[in-house]
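Chemist:
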Amino acid sequence: MHIPDGFLDIKTAVGTGILAAAVIIPTFVKLRVHPRTVPLIGLGAAFVFAAQMINFPVAKGTSGHLLGATLMANVLGLPSAILIMTTVLVTQTFMFADGGVTALGANIINMAIIAPTVGYFLAKKLRKILGDPLGMYAGVCFGGWASTIAAAFACAAELKISGTIKSNLVFPIMMGIHAIIGLGEGVISALLVATLHRLFPHLLKLQEKPSQTPARHAIGFGFAAVIGLVIIGTPVACGWPDGLERVAHNFGFIEKASDKPIFPAPAQDYNLKLGDVNLGLLGTILAGVLGTLLVYGLSLFVATRLARQTHYEKSNTQT
């Protein structure tokens, strides 16, 4: 669902950029991070990046991948999820040209703001109605599905406003395809939450008790597992176009996508080269590992700065 350069007109690109900044900046300023949750934010961002590299088939000629927004929002909290999704999108844009620079604001709105917000509140509501653990699993499942559709609707609206596609069919088709993709999102998210609930139940209570975080060796094991996910999952990932690409092909506006990104991404299309030598699958795996490390480092840096600010404010309050 990453919108590339060329799909949005100037007014929509600028408008979504301003709107995204208007939400992201205050969120980061107000975000309070407990020092012990910093490694989990880094690990969560690394996982989301790795998971988004692994597409799965959803229909003939169309693929999808885990977005991860609802999962992160319900494990680490909505503000932390917005932080995680933003760092992932920024890295994908500037390192791999996965999403255009001019469309970064729109992509942040769709996947870093709308998706986690919808998924968080729907899951919270369903959890309250059904109780745990059923409500927790069902909430994340339904929230993940609904968040995917909500993000797709916003994406369709941006394309419509830009005049990229004039047909009103863009809404039912975009939402129809992503309703199927959302099923995968919901089921995978629920299975992951169920696994966490069984193995690390305290992780699902971090929003109430942020000090109860796993030991360092557990974080290290988790990060190694994420790297393993990239190495093992990349070779078997489905190579079909994702939902947005499929719609672009079907409606004839795929040619609007810029062949040369505005920003020269070092590993465009997740293809890390050795000089002029194309490394093929190995290059893709190496790009995935590099991207995972970069996302982990970037999110860790931002979260650490926010944690220090939180500690500073608490110290001033106590004095």
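Here the sequence shown is numbered in numbering that gives the first Met the number 0, starting from 0 and rising by one per residue. The beta carbon of each residue, even a glycine, is placed where N, CA and C say it ideally should be.
Taking DSSP's pairing of strands, which residues face residue 277 in a bridge?
Modeler: Mapped onto the sequence shown, residue 277 falls at position 278. Bridge partners of residue 277: 272.
Chemist: Leaving out five residues on either side along the sequence, give the residues of the same chain with a beta carbon under 8 Å from the beta carbon of residue 115.
Modeler: Indexing the sequence shown from 1 puts residue 115 at position 116. Listed in chain order, the non-local C-beta contacts of residue 115 below 8 Å within the same chain comprise 68, 69, 71, 72, 77, 80, 81, 84, 146, local neighbours out to five positions each way being set aside.
Chemist: Considering just the uninterrupted stretch of the beta strand (DSSP E) at residue 76, what are its terminal residues?
Modeler: On the sequence shown, position 77 is the one that residue 76 refers to. Neither: residue 76 is in no beta strand (DSSP E) and is coded neither H nor E.
Chemist: When you compare only the Cα positions, how much space is there between residue 258 and residue 165?
Modeler: By one-based count along the sequence shown, residue 258 stands at place 259. By one-based count along the sequence shown, residue 165 stands at place 166. The alpha-carbon atoms of residue 258 and residue 165 are separated by roughly 23 Å.
Chemist: According to the Cβ coordinates, are residue 4 and residue 150 closer than 8 Å?
Modeler: Residue numbering aside, residue 4 sits at position 5 when the sequence shown is read from its first letter. Residue numbering aside, residue 150 sits at position 151 when the sequence shown is read from its first letter. Cβ atoms of residue 4 and residue 150: not closer than 8 Å.
Chemist: State buried or exposed for residue 201, treating a residue as buried only when at least 16 other CB atoms are found within 10 Å of its CB.
Modeler: By 1-based counting over the sequence shown, the position of residue 201 is 202. Its Cβ having fewer than 16 others within 10 Å, residue 201 is exposed.
Chemist: According to DSSP, is residue 238 part of a helix, a strand, or is it coil?
Modeler: Indexing the sequence shown from 1 puts residue 238 at position 239. Residue state, collapsed to three classes: coil.
Chemist: So which of 251, 238, 2 has the shortest CA-CA distance to residue 108?
Modeler: The count along the sequence shown starts at 1 and reaches residue 108 at position 109. When each option's Cα is compared against that of residue 108, the closest is 2.
Chemist: By alpha-carbon positions, which one of 302, 122, 157, 95 ends up nearest to residue 142?
Modeler: As a first step, residue 142 must be located in the sequence shown, where it is residue number 143. If we check each option's Cα against that of residue 142, 122 comes out closest.
Chemist: Give me the Cα-Cα distance between residue 124 and residue 117, rounded to the nearest whole angstrom.
Modeler: As a first step, residue 124 must be located in the sequence shown, where it is residue number 125. As a first step, residue 117 must be located in the sequence shown, where it is residue number 118. If you take the alpha carbons of residue 124 and residue 117, they lie about 11 Å apart.
Chemist: Name the residue from 132, 94, 169, 303 whose alpha carbon lies nearest to the alpha carbon of residue 242.
Modeler: Numbered from 1 along the sequence shown, position 243 holds the residue referred to as residue 242. Comparing Cα-Cα distances from residue 242 to each of 132, 94, 169, 303, the minimum goes to 169.
Chemist: With 16 other CB atoms within 10 Å as the buried threshold, where does residue 130 fall?
Modeler: As a position in the sequence shown, residue 130 is number 131, starting the count at 1. So residue 130 ends up on the exposed side.
Chemist: Going by DSSP, which residues form a beta bridge with residue 146?
Modeler: Along the sequence shown, read from residue 1 onward, the residue named residue 146 stands at position 147. Answer is none; residue 146 lacks a bridge partner.
Chemist: Relative to the C-alpha of residue 185, which candidate in 137, 58, 160 has its C-alpha closest?
Modeler: The residue given as residue 185 occupies position 186 in the sequence shown. Looking at the Cα atoms, 137 is the closest of the given residues.
Chemist: So that I know if they touch, is there some Cβ in chain B lying closer than 8 Å to that of residue 117?
Modeler: No chain B appears in the structure shown, which is made up of a single protein chain.
Chemist: Helix, strand or coil for residue 6, going by three-state DSSP, please let me know.
Modeler: As a position in the sequence shown, residue 6 is number 7, starting the count at 1. Looking at residue 6 - three-state DSSP - the assignment turns out to be coil, as it is neither helix nor strand.
Chemist: Closest to residue 140 by CA distance: which of 7, 97, 65, 263 is it?
Modeler: The sequence position of residue 140 within the sequence shown is 141, counting from 1. That would be 65, whose Cα lies nearest to the Cα of residue 140.
Chemist: Skipping 5 residues on each side, what residues in its chain have a beta carbon closer than 7 Å to that of residue 57?
Modeler: Mapped onto the sequence shown, residue 57 falls at position 58. Excluding sequence neighbours, residue 57 sits near 63, 179, 180, 183.
Chemist: I'd like the span of the alpha helix (DSSP H) that includes residue 56, first residue to last.
Modeler: The residue given as residue 56 occupies position 57 in the sequence shown. Premise fails: residue 56 lies in the beta strand (DSSP E), 55-58, not in any alpha helix (DSSP H).
Chemist: Beta carbon of residue 296, beta carbon of residue 233: below 8 Å?
Modeler: Residue 296 sits at position 297 when you count from the first residue of the sequence shown. Residue 233 sits at position 234 when you count from the first residue of the sequence shown. The criterion of a C-beta distance shorter than 8 Å is not satisfied by residue 296 and residue 233.
Chemist: Assuming residue 190 contacts residue 196 under a Cβ cut-off of 8 Å, what Cβ separation, rounded to an integer in Å, is found between them?
Modeler: Sequence index remark: in the sequence shown, residue 190 carries index 191 (1-based). Sequence index remark: in the sequence shown, residue 196 carries index 197 (1-based). Incorrect: roughly 11 Å between the Cβ atoms, too far for contact.
Chemist: Would you call residue 133 buried or exposed, if buried means 16 or more other Cβ atoms sit within 10 Å of its Cβ?
Modeler: Sequence index remark: in the sequence shown, residue 133 carries index 134 (1-based). Exposed.
Chemist: I'd like the span of the alpha helix (DSSP H) that includes residue 233, first residue to last.
Modeler: Position 234 of the sequence shown, counted from the first residue, corresponds to residue 233. Neither: residue 233 is in no alpha helix (DSSP H) and is coded neither H nor E.
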